[in-house]
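One structure below.
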Amino acid sequence: MSRLHVELPGLSMKNPIMPASGCFGYGREYARLYDLSCLGAVAVKGTTEAQKDGNPTPRVAETSSGMLNAIGLQNPGVEAVAAEELPWLAAYDTPILVNISGSTMEEYETVARTLSNRSETSAIELNISCPNVKKGGMAFGQDPALAEELTARVKAVSRQPVYVKLSPNVADPAALALAVERGGADGLSLINTLVGMRLDWKTGAPILANGAGGMSGPAVKPVAIRITHNVRQVTNLPIIGMGGISSPEDVIEFIRAGADTVAVGTANFSDPFVCPTLIEQLPAYLDELGASHIHDLQGKGAALL
Numbered sequence: 153m154s155r156l157h158v159e160l161p162g163l164s165m166k167n168p169i170m171p172a173s174g175c176f177g178y179g180r181e182y183a184r185l186y187d188l189s190c191l192g193a194v195a196v197k198g199t200t201e202a203q204k205d206g207n208p209t210p211r212v213a214e215t216s217s218g219m220l221n222a223i224g225l226q227n228p229g230v231e232a233v234a235a236e237e238l239p240w241l242a243a244y245d246t247p248i249l250v251n252i253s254g255s256t257m258e259e260y261e262t263v264a265r266t267l268s269n270r271s272e273t274s275a276i277e278l279n280i281s282c283p284n285v286k287k288g289g290m291a292f293g294q295d296p297a298l299a300e301e302l303t304a305r306v307k308a309v310s311r312q313p314v315y316v317k318l319s320p321n322v323a324d325p326a327a328l329a330l331a332v333e334r335g336g337a338d339g340l341s342l343i344n345t346l347v348g349m350r351l352d353w354k355t356g357a358p359i360l361a362n363g364a365g366g367m368s369g370p371a372v373k374p375v376a377i378r379i380t381h382n383v384r385q386v387t388n389l390p391i392i393g394m395g396g397i398s399s400p401e402d403v404i405e406f407i408r409a410g411a412d413t414v415a416v417g418t419a420n421f422s423d424p425f426v427c428p429t430l431i432e433q434l435p436a437y438l439d440e441l442g443a444s445h446i447h448d449l450q451g452k453g454a455a456l457l
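Residue numbers for the sequence shown, in the numbering used here: 153 to 457.
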């Protein structure tokens, strides 16, 4: 077995590197640059029941150490993803982690049922940062009880393992992790983006048409490391760590904090070859650290303190 191989529920990964949902589309553009089969897995962009055009532009803004986005879950809808995107991506030898979103629990159930029944789907990634229209717009991931119920309902209809993507925009992410574990989550993805804003210094108007957006990139990495570390102290669920990863050192830092594998997001925009480059570079770093396998470096939360 390869020293980079990672075995997670639904995801048999030849290495611990995958592109994060929302930063890789469905892989078509990147497939023109390199063979996607080299990736440990591919997390595709969020899918809703109906087609969504997303938010008005501008919906992306640079920051001094990353970017803000308010894409608004633009996607062709579950039927198009099932019929067109998944079969295309399945031609590559890599597991597919399908990210799903919704505005009601019923929508999540519909999308999960449809996509988990597809042979191409290896696992489901549940985005619980979406606003719940039946609860005044509060995000599912801001209320542990709602998050637990949503996880349980998706688990009940899904034929594939379910990873829940946690928001950092809560007081206690570890409590949220325990809630979705009670709901039956097979694993965790963390973290989603932080909420941020940029203003035009001349006019005072928001740069993004939506006002606020999700901040990602190097600036969020210390937050993501802290949350990964804290969550690892309270659960043994597999963790896909993400937030500001662009170097082998970043990957190893997440593994040491307790992650089992990692997802690379914003860095794909500045360097489209970042994922295969990380895969190529990691073995030399393991050699330098005297590690025979990537998980020899894995931290266990409280043991680090």
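Even glycine gets a Cβ: it sits at the ideal position worked out from N, Cα and C.
For I276, the three-state secondary structure derived from DSSP is strand. Straight-line spacing of the CA atoms in T273 and L188 works out to 16 Å.
Excluding five sequence positions before and after I404, the CB atoms of its chain that fall closer than 7 Å to its own CB belong to Y437 and L449, given in chain order.
For C282, the CB contacts under 7 Å within the same chain, skipping 5 residues up- and downstream, are S253, G254, S255, A291 and F292 in chain order. Judged by beta-carbon spacing, V158 lies beyond the 8 Å limit of Y178, meaning their Cβ atoms are not closer than that value. With 16 or more neighbouring CB atoms inside 10 Å of its own CB, R384 falls in the buried class. Boundaries of the alpha helix (DSSP H) around K373: K373 to R384. The alpha-carbon of L389 is positioned some 38 Å away from that of A361. Here N420 is buried: its Cβ has 16 or more other Cβ atoms, across all protein chains shown, within 10 Å. Listed as beta-bridge partners of Y437 by DSSP are no residues whatsoever. Contact annotation, T387 with E301: C-beta distance approximately 18 Å; criterion of less than 8 Å not satisfied. Looking only at A329, T266, V322 and A323, the smallest Cα-Cα distance to Y315 is reached by A329. In the structure shown, the three-state DSSP call for T303 is helix. Under the three-state reduction of DSSP output, M349 falls in the coil class, being neither helix nor strand. The three-state secondary structure of G339, taken from DSSP, is strand. Under the criterion of beta carbons closer than 8 Å, T303 and A337 qualify as touching, at roughly 5 Å. Using a Cβ-Cβ distance cut-off of 8 Å, the segment 193-210 and the segment 352-372 are in contact, since at least three pairs of beta carbons, one from each stretch, lie closer than that value. Residue pairing for M394: DSSP places it in a beta bridge opposite A415.
Per DSSP, the unbroken alpha helix (DSSP H) holding I404 starts and ends at P400 to A409. Between the alpha carbons of V375 and E237 lies a distance of about 33 Å. Bounds of the beta strand (DSSP E) holding T215 are V212 to T215. Scanning its chain for C-beta atoms nearer than 6 Å, with the 5 sequence neighbours on each side dropped, one finds around N221 the residues V212, G365 and G366, in chain order.
Exclusion of the five residues before and after L160 leaves G339, P390, D412 and T413 as the residues of its chain whose Cβ lies within less than 7 Å of its Cβ. Taking 8 Å as the cut-off, the Cβ atoms of F425 and Y186 count as close. In this structure S310 does not touch N344 by the C-beta definition: roughly 20 Å separates them, more than the 8 Å allowed. Spatial neighbours of A443 in its own chain (CB-CB distance under 7 Å, excluding positions within 5 residues in sequence) are listed in chain order as L449.
Secondary structure note for L220: its beta strand (DSSP E) is the uninterrupted segment G218 to N221.
Per DSSP, the beta-bridge partners of T199 are I252.
Straight-line spacing of the CA atoms in G162 and E277 works out to 11 Å. Within the DSSP bridge table, the entry for K204 names N227 as partners. In chain order, S173, G174, L225, N227, N251, I252, S253 and N279 place their CB closer than 8 Å to the CB of G198, counting only its own chain and leaving out the 5 sequence neighbours on each side.
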